[in-house]
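Taking it in order: structure first as C-alpha cells, then the write-up.
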Amino acid sequence: MAKNLTSRDTDYSRWYNELVVKADLAQNSGVRGCMVIKPYGYGIWERVQAELDQRFKATGHENAYFPLFIPKSYFSKEASHVEGFAKECAVVTHYRLKNAEDGSGVVVDEDAKLEEELIVRPTSETIIWDTYRDWIQSYRDLPILVNQWANVVRWEMRTRLFLRTAEFLWQEGHTAHATKTEAIAEAEQMLDVYADVVENIMAIPVLKGTKSPNERFAGALETYCIEALMQDGKALQAGTSHFLGQNFAKAFDVKFQTKEGTVEHVWATSWGVSTRLMGALIMTHSDDNGLVIPPKLAPIQVVIVPIYRGEEQLEEISVVARKLKAEMEAKGLRVKFDNRDTHKPGWKFNEYELKGVPVRLAIGPKDLEKGTVEVARRDTLEKEYLQQEGIATKIENLLEQIQLNMFQKAVDFREENSHKADTWDEFKALIKKKGGFVYAHWDGTPETEEKIKELTKATIRCIPLDQKYEDGKCILTGNPSKGRVVFAVAY
RNA sequence: CGGGGUAUAGCGCAGCCCGGUUAGCGCAUCUGCUUUGGGAGCAGAGGGUCGCAGGUUCGAAUCCUGCUACCCCGACCA
3 MAKNLTSRDT DYSRWYNELV VKADLAQNSG VRGCMVIKPY GYGIWERVQA ELDQRFKATG
63 HENAYFPLFI PKSYFSKEAS HVEGFAKECA VVTHYRLKNA EDGSGVVVDE DAKLEEELIV
123 RPTSETIIWD TYRDWIQSYR DLPILVNQWA NVVRWEMRTR LFLRTAEFLW QEGHTAHATK
183 TEAIAEAEQM LDVYADVVEN IMAIPVLKGT KSPNERFAGA LETYCIEALM QDGKALQAGT
243 SHFLGQNFAK AFDVKFQTKE GTVEHVWATS WGVSTRLMGA LIMTHSDDNG LVIPPKLAPI
303 QVVIVPIYRG EEQLEEISVV ARKLKAEMEA KGLRVKFDNR DTHKPGWKFN EYELKGVPVR
363 LAIGPKDLEK GTVEVARRDT LEKEYLQQEG IATKIENLLE QIQLNMFQKA VDFREENSHK
423 ADTWDEFKAL IKKKGGFVYA HWDGTPETEE KIKELTKATI RCIPLDQKYE DGKCILTGNP
483 SKGRVVFAVA Y
C-alpha cells in the first residue's frame, strides 16, 4: 500500500523523503547524488525564480551567462576560495571516448587527455572575475550588476533531495563597485530581497544576520545570511550574500581609474539562493497529509473537483465549474478544473492534499440544487459550504488569509522554539532536547565556536543584524561578550 | 574515506541459511462489469537476461571468488 506518508513524529527524515517523491516534486536519478526535478516541483521553483528575478531587475541587475567549465589554473589565484571548494570538485580530464578493444563497451580514450583539466563550476567567482577584468577600466564602467541562473556541482559525500544534491540549480549575483560602502550596501540590499521573497512569498520567517568567521564564505570578508527554523528544530540556511572586499579584484587584477585619476581595485559582492529553498518550503509548512504551499507560490491555487454520477451530471456540473473558474481567473487566480473521469473524487482529494494546493472546491449534485460549493482549505484542513454567488471574491480573500496564517504559524513555531541559554548546562540541554534557536553569549573566537560544535553539533547560525548590546559571559569559556548570537544544529 | 547494509517485474518486498519442475506476493498497469460527497469492488490479463563477470555442480536467484552500483551511520557541506 504505502499510500500514506510516514508521520513526522515517527521519522522526520523519512517523512521528508517520501513527501518529496509522493508530491511529485523530485526523485533520485541514476546519477549519484543528482536528482530529477519533476514538472510539479519545477513549476514551484519557476515561481520562486520569477519572484526573485523580478526583484533583481527592479534593483538594477541584468542576467548573463558564464561557462560551466573553469580551467584549473583559475582556482589557484584566490587561496582561501579554492580551499573552501577543493574537496568537492568534479574534474574533467579527457575529451573523447572510444569503443573498448575487447568489446566490453565504451572507455575513455587515454590519448585524449586535456592539457589543463577543467573544473565543473562549484560557483563562478573565478571565471566571472577573470571576465570582469576585460569589462572594467574606468569608474564609468561601474557598477557592474550581473546575475546568472545556472547549475553548479559540489561533490557532496551525502546527499538529500533538494537539501544537498551534487548538482543543484541556483542563481548567483556578482557585482563590482567603485567603493567599499557601495559594495556593502549592495550585499545588504540583496539580503533584503531574499528575505522579502522568502518571507512574503514563501511564508518562511527568517533571521537576518552575519556569519561568524568559521562559517563565512570562502574568500569573503563578510557573509550575510537568512536563517530559517525547520519543524524538527534544525536550522536551514536559506540564502547568503557576501561582501568580498577587494579579494577577487586583487586575485584577478581587476582595476579601474577613478575620477581623480588614481588606479584602484574594485569592490565586490556575490549572492545566491538555490533549489534548497524547496527543502525549506517543505520543512516549514507541510504536515502528515503532505505538502502545503502558500498561495502566492502555488502553481495551482484552486482546484475544482466535480462529484457526479454519469456523464449527464458531469456536464451540468461542468457548466457551473467553468463559470466559477472563469470568474476566479478574471481576478488573476491560478485555477485548475480536474474533470478527469479516470480517478474518483476521494482519490483526487488526497492527491491535491499531498500536492499542497491551497484551496479545493468540490461541486456535486447537492450543490447544484442549493447553489453552493464545498470549500476546503489546505492549511487548516477546514471545510465549509459557500454560496456560488460572488465566490471569486471570497476565494481571493481566503487565499490572502491562508498566506498570512501560514506565515504567522511559522513565526509562532519559531518563537516557541527560540530560547536563551546563560550557562553551559542550560545550553547543552536546550540543544539536545528541544533544538531550535538558542541565543547565547560567545567570546568571539573561532576556537570556542569549534569546541562548541564538537561538543554539541550546534554551530553559530548567525549574529543577528538586530543584535542588542548586552554584557555577558561566553557560554563555554566565561570570557566577556557584548551580545548574544544564535546557535542551532543545522542542515 | 572509515563502519554497516542492499541489489529478484514500474515501485516495495519474500524466496537464499539447507541448490531441484513453469521464481512468488502486495501496490501499480491493462480489459470487462458494477461504482463516484475522502485513496472503490469483483473477475480476468500482461509484465523477469534474479546487478555484472567468472567458478563449483547433472542442475545455481540460492554455494564460492572478483567487480560495480546504490542506501544508511560517521567525518565534510548551500
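Each number in this note's numbering comes from the position in the first sequence (counting from 1) with 2 added on. All residues carry an ideal CB built from backbone N, CA and C; glycine is no exception.
{"Query": "At what residues does the beta strand (DSSP E) containing Ile72 begin and finish?", "Result": "Phe71 to Pro73"}
{"Query": "Let me know if Trp137 comes out buried or exposed under the rule of 16 or more other beta-carbons within 10 Å of its beta-carbon.", "Result": "exposed"}
{"Query": "Among Ala492, Val294, Ser288 and Leu246, whose alpha-carbon lies nearest the alpha-carbon of Glu184?", "Result": "Leu246"}
{"Query": "Spell out a yes or no on whether the stretch 168 to 178 and the stretch 145 to 157 are touching, meaning 3 or more CB-CB pairs, one atom from each, closer than 8 Å.", "Result": "yes"}
{"Query": "Please classify Gly392: does DSSP put it in a helix, a strand, or coil?", "Result": "coil"}
{"Query": "Bridge partners of Arg162, per DSSP?", "Result": "Arg166"}
{"Query": "How far does the alpha helix (DSSP H) with Lys453 in it reach, from first residue to last?", "Result": "Pro448 to Thr458"}
{"Query": "So, are the CB atoms of Ala378 and Glu384 less than 9 Å apart?", "Result": "yes"}
{"Query": "Are Glu127 and His176 close, meaning C-beta to C-beta below 9 Å?", "Result": "yes"}
{"Query": "Run through DSSP, which three-state label would Lys475 get?", "Result": "strand"}
{"Query": "DSSP puts Cys464 in a beta bridge; with which residues?", "Result": "Val488"}
{"Query": "Could you tell me whether the stretch 266 to 274 touches the stretch 227 to 245, using the rule of 3 or more Cβ pairs below 8 Å?", "Result": "yes"}
{"Query": "Give the range of the beta strand (DSSP E) segment to which Leu134 is assigned.", "Result": "For the record, residue 134 in the displayed sequence is Tyr; it is not Leu. First-last for Tyr134: Glu127 to Trp137, but that is the alpha helix (DSSP H), not the beta strand (DSSP E)."}
{"Query": "Where do the N-terminal and C-terminal ends of the alpha helix (DSSP H) with Ile306 fall, by residue?", "Result": "Run containing Ile306: none in the alpha helix (DSSP H); it sits in the beta strand (DSSP E), Val304 to Pro308."}
{"Query": "I'd like the span of the beta strand (DSSP E) that includes Tyr226, first residue to last.", "Result": "Glu224 to Leu231"}
{"Query": "Going residue by residue through the stretch 378 to 448, where are the continuous beta strand (DSSP E) segments of at least 3 residues, counting only ones entirely within it?", "Result": "385 to 389, 420 to 422 and 439 to 443"}
{"Query": "Taking Phe87 and Ala253 to be in contact with their CB atoms under 8 Å, please state how far apart those CB atoms are, rounded to whole angstroms.", "Result": "Not really, about 14 Å apart at Cβ, beyond 8 Å."}
{"Query": "For Leu147, which three-state DSSP category applies?", "Result": "strand"}
{"Query": "State the beta-bridge partners of Trp172 as determined by DSSP.", "Result": "Ala152 and Ser276"}
{"Query": "For Asp290, I'd like the list of residues in its chain whose CB is within less than 7 Å of its CB, leaving aside the five on either flank, ordered along the chain.", "Result": "Leu7, Ser9 and Arg10"}
{"Query": "For Leu299, name the three-state secondary structure that DSSP assigns.", "Result": "coil"}
{"Query": "What's the C-alpha gap between Lys24 and Ala282?", "Result": "17 Å"}
{"Query": "I need the straight-line Cα distance from Ala81 to Arg123, nearest angstrom please.", "Result": "16 Å"}
{"Query": "Could you tell me whether the Cβ atoms of Glu329 and Ala394 are closer together than 9 Å?", "Result": "yes"}
{"Query": "Return the residue from the list Asn419, Glu266 and Thr125 that minimises the CA-CA distance to Lys182.", "Result": "Glu266"}
{"Query": "Should Ser424 and Gly480 be called a contact, given that it needs their Cβ atoms to be closer than 9 Å?", "Result": "Before going further, note that residue 424 is Asp rather than Ser in the sequence given. Not closer than 9 Å, so no."}
{"Query": "Just reading off the alpha helix (DSSP H) that Asn19 is part of, what are its end residues?", "Result": "Tyr14 to Lys24"}
{"Query": "Could you give the distance in angstroms between the alpha-carbon of Lys139 and the alpha-carbon of Ala251?", "Result": "Before going further, note that residue 139 is Gln rather than Lys in the sequence given. Cα to Cα, Gln139 sits roughly 12 Å from Ala251."}
{"Query": "Residues in the same chain with beta-carbon distance under 6 Å from Arg98, minus the five sequence neighbours each way, listed in chain order, please.", "Result": "Asp111 and Ala114"}
{"Query": "Excluding the 5 residues preceding and the 5 following Met37 in the sequence, name in chain order all residues of the same chain whose CB lies nearer than 7 Å to its CB.", "Result": "Ala28, Gln29, Asn30, Ser31, Leu163 and Thr167"}
{"Query": "Quick one: what's Asn352 bridged to in DSSP?", "Result": "Bridge partners of Asn352: none, in fact."}
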